[in-house]
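To keep things clear, I will list the structure first and then write my remarks on it.
In my numbering, the protein residues as written are -8 to 261.
Next up, the structure:
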């Protein structure tokens, strides 16, 4: 008796037979294996700095599929259960020769100083048991933290230049996902849960000490009222947040649109 195997029995299960209906198809010829909700969550993880809320729950409901999708783009899922946020981190290592969909971001010293200030503020809110929706900080508080006392910009004596620099720093922190603008007051910002996730209490103190030491040793740019001085310059010793904690990342697909506003922020691997 001759053993024969039908064509349908040898069909690769990963390549459905012609004419088979893909239950996950969203368009003609779609061979994807994820539900619409799972795809939406995976796309959000790849596009956004972090996800939370309903998308967080959606990922948990489709964890294997979303993780596979991220891994295909050399990303890995980082979950913080305390703050209920998720981050897609680029995979790195000596054996990784391909570039991930997202790349790492290096913080300048003034940005690191502000991030540390925001972390301390979050600690105060947490001690008073405030919900994350009420983690608010004003532009004036940020300006005071950076430009008075031993603040990073305290050595500058031109108020207009200081305001422009603080505005640029705040804008960058919004881009990075650490701050969110409030709808009802353009001078108020919400500190996002990403801040305590990437920066613990000890590291916040360390970064504040770095900024203070720079000021005490005179390692602070002198006052300059020119337009060129308003734009932060790239520092060789810029603090890399990825050296210390789970970082925030830049989506490569959005780099072209953000180059104009973030030209002076150096991302690793770029």
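C-beta: ideal position from N, C-alpha, C; glycine also.
All of these numbers come straight from a predicted model, not from anything done at the bench.
Any idea if residue i is buried or exposed, counting beta-carbon neighbours within 10 angstroms, 16 or more meaning buried?
i	result
residue 20	exposed
residue 63	exposed
residue 17	exposed
residue 60	buried
residue 14	exposed
residue 91	buried
residue 11	exposed
residue 79	buried
Below 7 Å CB to CB, which residues in the same chain sit around residue i once its five sequence neighbours on both sides are set aside?
i	result
residue 88	none
residue 297	This structure leaves residue 297 out entirely; the chain is present only between -8 and 261.
residue 113	126, 182, 186 and 187
For the ligand ZN, is there a heavy atom less than 7 Å away from the beta-carbon of residue i?
i	result
residue 59	Questions concerning the ligand ZN fall outside what the structure shown contains, since it holds no ligand whatsoever.
Thinking just about the alpha-carbon of each residue, which of the options is nearest to the one in residue i?
i	options	result
residue 190	32, 159 and 110	110
residue 134	125, 31 and 180	180
residue 129	170, 94, 163 and 84	170
residue 76	114, 48 and 56	48
residue 31	22, 173, 185 and 53	53
residue 124	172, 83, 50 and 24	172
I'd like to check one pair, residue j with residue i: are the Cβ atoms closer than 8 Å?
i	j	result
residue 66	residue 37	yes
residue 168	residue 178	no
residue 29	residue 46	no
residue 105	residue 160	yes
Output needed for residue i: all residues of its chain with C-beta closer than 6 Å, excluding positions within five of it in sequence on either side, in chain order.
i	result
residue 71	188
residue 116	126
residue 33	57 and 60
For chain C, find out if any of its Cβ atoms is closer than 8 Å to the Cβ of residue i; answer yes or no.
i	result
residue 32	Chain labels in this structure do not include chain C; a single protein chain is all it has.
Just to confirm my understanding: we take residue i, look at its own chain, exclude 5 residues before and 5 after, and list those with CB closer than 8 Å. What are they?
i	result
residue 157	130, 133, 134, 137, 138 and 144
Quick check for students: name the residue ranges of the beta strand (DSSP E) that lie wholly in the segment 46 to 78, counting only runs of 3 or more. Listed in chain order, the complete beta strand (DSSP E) runs (minimum 3 residues) inside the segment 46 to 78 are 66 to 71.
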